[in-house]
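*Asks:* In the working numbering, the protein residues as written are 364 to 761.
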Amino acid sequence: MPVLNKTPAPTRSHSFVPLVSMSLLTGVGYALAGPFLSLFLIKEVQAGPIAVGAFLLVSALASMLVSTLVGRLSDARAIRRTLLVVAGVSGAVGWVLFSVLREYWLLLVVAVTFWAVSSSQIPQMYAYARQLLERSGSAKAPLAMSGLRMTMSIAWVGGPPLGALLIGGGGFTWLFGVSAAIYVVAVLVALAWLPELGPSAAPTHEVAPRAGLRREMVLAALAFVLLQGATTVGVTAMPLFVTESLGGTTRDAGLVLGLCAALEIPLMLGFGALALRFNHRVLVLSGGVVALAYYTIMLLTQATWQVMAAQVLHAVVISAVMGVGISYFQDLAPDRPGYASTLFTNTYKTSAMLTGPLVGLAQHFGYRTAYGMGLVMSVLGLALLLAAKRRSVPPVAP
């Protein structure tokens with residue numbers, strides 16, 4: 364008589380909905396306060412430009428280091444739910460401390476400790492989702508992963524405007540306090556409805572030898588740093604490009620950014636559906652090709668309405684590269700979802716660190732040059748992705 368499993372694997376519907384809720388809550392919690400961090404350091408802490416830049420750089424490096432270590436830990440031990448809870452609690456504590464502290468060095472300590480641990484939450488959610496979907500036997504993992512990524516886009520549509528209202532009504536203390544409360548709710552969701560999944564299942568297909576895998580992942584990571592860096596530079600320069608170069612208003616710049624974020628939501632789901640049928644690397648490459656068209660058009664635009672029309676292409680780029688990208692990275696290392704998910708999120712953090720110097724160059728040479736930089740970075744990123752194609756390994760002779 365066959366022996367039944369003592370603990371059946373949780374179904375996707377029972378656990379994925381709470382995971383999506385946790386992702387949305389975490390996204391909103393950060394989108395409320397994250398965009399106003401530089402303003403907080405300047406206005407409340409009286410930090411100068413160099414101090415603000417150093418704060419952002421050091422905290423980003425600490426986040427990358429800690430999230431990488433947590434990713435390896437999550438692959439080695441079956442404690443992803445516990446890590447999600449610890450990261451959420453760390454985020455809540457970090458925002459509470461930011462609501463009461465106004466000393467630069469103490470805030471920096473909070474950033475490289477509590478915030479750094481909290482930064483592991485998003486890649487661990489991706490890794491948890493991948494393992495959950497594989498455990499449930501779902502064939503729609505790419506669509507589900509794109510849906511999970513879409514929650515971040517939704518959070519950024521409403522988070523910053525709400526954050527601005529909170530600052531106007533109660534200052535930064537209220538802003539950071541509300542963010543902390545949202546993180547607490549996310550932790551409660553994890554404790555109440557997310558089960559611990561246990562060890563990752565063995566991959567259902569042959570995994571490439573580690574040497575070949577390392578080459579492919581290094582090239583893919585460098586490609587994503589460039590592709591996402593192009594997006595980050597373009598988005599950062601957009602308000603200045605619209606107002607300074609095209610003679611538009613701040614409202615026009617906000618409409619451009621909001622339009623792109625709104626278009627991402629259905630496109631994320633659309634590319635997730637395409638990822639069920641087409642190779643993930645091919646879809647990412649297609650996003651890179653569209654990026655070439657987008658940055659070329661941006662170099663030629665002469666009016667705000669043209670920039671708005673071009674956001675359709677920009678939303679396609681973001682949905683293909685960032686939406687399908689997480690599934691692409693997880694496919695490269697199916698036996699290490701924590702490592703793969705963390706590497707994917709770290710490419711964005713690395714690209715964000717490149718933004719300041721590049722936007723500074725654009726300020727000197729004209730904000731239109733930011734899109735010339737984006738075009739060059741997209742060309743290089745595409746070249747690296749093409750070079751990252753997995754090479755077949757000949758069988759070892761007996």
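Built from N, CA and C at the ideal position, the CB exists for glycine as well.
(1) Just to confirm before moving on: does the CB-CB distance between A624 and S516 stay below 8 Å?
(2) Please determine, among L554, Q591, S608 and A555, the residue with the shortest C-alpha to C-alpha distance to L738.
(3) Starting from G688, follow the alpha helix (DSSP H) in both directions and report where the run begins and ends.
(4) Rounded to whole angstroms, what is the Cα-Cα separation between L743 and A583?
(5) When you compare only the Cα positions, how much space is there between W478 and M508?
(6) Which whole-angstrom value is the C-beta distance of V647 and Y691, which I expect to be below 8 Å?
(7) Measure from the alpha carbon of T595 to the alpha carbon of each residue in T612, G719 and W519, then state which is nearest.
(8) Look at the Cβ atom of K712, then the Cβ atom of A410, and state whether they are nearer than 8 Å.
(9) Below 7 Å CB to CB, which residues in the same chain sit around L706 once its five sequence neighbours on both sides are set aside?
(10) Are the CB atoms of F379 and K495 within a distance shorter than 8 Å?
(11) Grouping DSSP H, G and I as helix and E and B as strand, with all else coil, what is K503?
(12) Excluding the five sequence neighbours on either side, which residues of its own chain have a C-beta within less than 7 Å of the C-beta of A396, listed in chain order?
(13) Report the residue from V680, I413, L528 and A414 whose alpha carbon sits nearest the alpha carbon of E627.
(14) Would you call the CB atoms of A439 and L560 closer than 8 Å?
(15) Could you spell out where the alpha helix (DSSP H) holding Y711 opens and where it closes?
(16) With distance defined between alpha-carbon atoms, name the residue in G454, L447 and L432 nearest to A394.
(17) Could you give the residue range of the alpha helix (DSSP H) that holds F399?
(18) Considering only residues of the same chain and omitting the five flanking positions on each side of G617, which have a CB-CB separation below 7 Å?
(19) Taking the alpha-carbon positions, what's the G650 to M631 distance?
(20) Does the distance between the C-beta of I413 and the nearest non-hydrogen atom of the ligand ZN fall short of 7 Å?
*Replies:* Reading from the atomic positions:
(1) The answer is yes: Cβ separation under 8 Å.
(2) Selected option, being the one with the closest Cα: Q591.
(3) V687 to L695
(4) 12 Å
(5) 24 Å
(6) 5 Å
(7) When the alpha-carbon of T595 is set against those of T612, G719 and W519, the nearest one is in G719.
(8) Taking the C-beta atoms as reference points, A410 is found no nearer than 8 Å to K712.
(9) M580, A584 and F692
(10) A small correction: the amino acid at residue 495 is Leu; Lys does not occupy that position in the sequence shown. For L495 and F379, yes; Cβs fall inside 8 Å.
(11) If DSSP states are grouped into helix, strand and coil, K503 belongs with coil.
(12) W458, G526, L538, F539 and S542
(13) V680
(14) no
(15) P700 to F728
(16) G454
(17) Per DSSP, F399 belongs to no alpha helix (DSSP H) and is neither H nor E.
(18) None.
(19) 12 Å
(20) Absence of the ligand ZN is noted for the structure shown, with no ligands found whatsoever.
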